[in-house]
Amino acid sequence: MRVTFLHPDLGIGGAERLVVDAALAMQKKGHRVTIVTNQFDSSHAFKETKELDVMVIQWFPRLIFGYMWALCAYIRMCLAAVYVALFLESDVVICDQVSAALLVLRLLSQARLLFYCHFPDMLLTKRHSLIKAVYRYFLDSVEEYSTGLADVICVNSFFTAAVVKETFKSLQNRDLSVLYPSLNTEFFDSCKDCDISEIPSSAEHIFTSLNRFEVKKNVRLAIEAFAALRSMVSTQEFSSCHLVVAGGYDRANAENIAHYKELFECVETLGLNHNQVTFLRSPCKLRLNWGELPFFFNIPKFRIIRVVNAWQEAPFTRKRVEIRLLEVKFSSPLKPVN
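Number 188 in my numbering belongs to position 187 of the sequence shown; there are no gaps in the numbering.
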C-alpha cells in the first residue's frame with residue numbers, strides 16, 4: 002500500500018514522534034511510505050527520520066510581516082497537499098494537525114483520507130480584538146469543515162474526543178477513533194540506567210516538566226509550584242528536591258528563545274537555588290555557565306525518564322497521553338493541573 006503522511010513541521014515534538022513511529026512501523030510492514038512536510042531540518046529532528054523518505058514543500062512563508070502564523074500554516078499545508086495530489090501516488094493520505102489540507106485532497110485526490118487531531122486549534126488561541134475575532138472565525142470555520150472531510154478521524158484520547166465533539170458541532174454524530182500516541186518500549190528496555198551529571202547526587206526527589214518551550218505549555222506554573230513546595234516541607238527535605246525543566250527547543254523559533262529566557266528569569270525571581278533547577282533543551286550541544294544563560298545540550302529523553310521520580314503536567318487544556326504512558330511504564334506519578 003502507498004501511504005503518504007502530510008505534516009506541517011517535522012521537528013521533535015510529540016506529534017512528530019507519533020508520525021515518525023507510525024511511518025517506520027508501516028514501512029517495516031512492507032508499505033511504501035513518504036512523509037511530506039513544510040519544514041524539516043535534519044539537525045532538529047528525530048534520528049529515525051534518516052530511515053524515511055522525507056519531502057519538503059516550502060512554497061509559502063511561515064509568517065507575513067511577523068503575523069498570521071495560523072493562516073500561513075493553512076496555506077502551506079494546502080500547497081503541500083496540491084503536490085501530494087498531483088505528483089505522488091497514494092492509496093492513503095494521513096494528514097496530521099492541520100485539517101485545511103483535506104480541502105485540497107478531497108478535490109484532487111482519490112486516496113482515502115485519515116486526519117489525526119491532537120486538539121482543536123481554535124481552542125489554543127485568544128481573540129482580544131474584533132480583527133482577531135474575524136480572522137479566527139474564518140480559520141475556525143475552515144478547521145471544522147475540513148476536519149469533517151476525512152474518511153477517518155483519529156484523536157489521541159477519549160478526553161480529546163469529547164472536546165472535539167463539544168467544539169465542532171457538525172461532528173457530534175461522527176465516529177472518532179482513539180489512537181493513542183506510540184511508546185517504543187523495546188527502545189526504553191534496551192537502554193541502561195545512567196546518571197545525568199547536571200542533576201546533583203543529593204537530589205532524592207526529582208520532578209520533571211517535559212514540554213516545548215512555548216507559552217501555551219504553561220511551564221512557568223511548574224516552576225512556581227516547585228517554589229511553593231519550599232513552604233510546605235522542611236528546609237532539609239526541600240534541599241533534596243530537584244526540578245528538571247526539559248523540552249524541545251528550536252533556535253529558529255523566536256517564541257522558544259524568548260520563553261526559555263523568561264523561564265530562566267522566573268527561577269531567579271522566585272529565589273530558587275540554581276543547583277535545584279536544571280534546564281534541558283533538545284537538541285542543543287552548547288554548554289554555557291549559569292551566570293550567562295542556562296547550560297544545556299542534547300541529552301536523550303530516556304536518560305531523563307530513567308531518573309525522574311514524578312512528572313508535572315502544566316498545560317490545563319489537554320491531557321498528554323504520552324506522559325501518562327511513561328508514567329505507567331516507569332512507575333512515576335503524574336501531577337496534572339487541578
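Backbone N, C-alpha and C fix where the C-beta goes; we use that ideal spot for every residue, glycine too.
Quantities reported herein were computed from a predicted structural model and do not represent experimental measurements.
Within the DSSP secondary-structure output, MET78 pairs in no beta bridge.
The alpha-carbon separation between ALA74 and ARG213 amounts to approximately 19 Å. With a minimum length of 4 residues, the unbroken runs of alpha helix (DSSP H) contained wholly in the segment 215-242 fall at 220-230 and 236-240. The C-alpha of LEU264 is placed about 31 Å away from the C-alpha of VAL165. Taking a cut-off of 8 Å on C-beta distances, the segment 80-93 touches the segment 107-123, as three or more cross pairs fall below it. Under the 10 Å beta carbon count, GLU144 is surrounded by 16 or more other beta carbons and is classified as buried. If you check the CB distance, ALA151 and PHE116 come in under 7 Å.
Where HIS260 is concerned, the enclosing alpha helix (DSSP H) starts and stops at 255-270.
Secondary structure at ALA247: strand, using DSSP grouped into helix, strand and coil. In this structure LEU7 touches MET78 by the C-beta definition: roughly 7 Å separates them, less than 8 Å.
Within 10 angstroms of the beta-carbon of VAL37 lie 16 or more other beta-carbons, which makes it buried. For the set HIS260, ASN274, PHE41 and LEU125, the Cα lying nearest the Cα of ILE58 is the one of PHE41. Boundaries of the beta strand (DSSP E) harbouring LEU7: 3-8, taken from the DSSP string. Put simply, of PRO9, VAL21 and GLU52 the residue whose alpha carbon is nearest the alpha carbon of TRP60 is PRO9.
C-alpha of SER183 to C-alpha of ALA23: approximately 8 Å in a straight line. Counting along the chain, the unbroken beta strand (DSSP E) around VAL37 starts and ends at 33-38. The beta carbon of LEU172 sits closer than 7 Å to the beta carbons of THR148, GLY149, VAL165 and LYS166 from its chain, once the five residues preceding and following it are set aside; these are given in chain order.
Spanning the alpha carbons of CYS96 and LEU114 requires a straight line of approximately 7 Å. Distances from the alpha-carbon of ALA46 to those of VAL20, THR279 and ARG231 put VAL20 closest.
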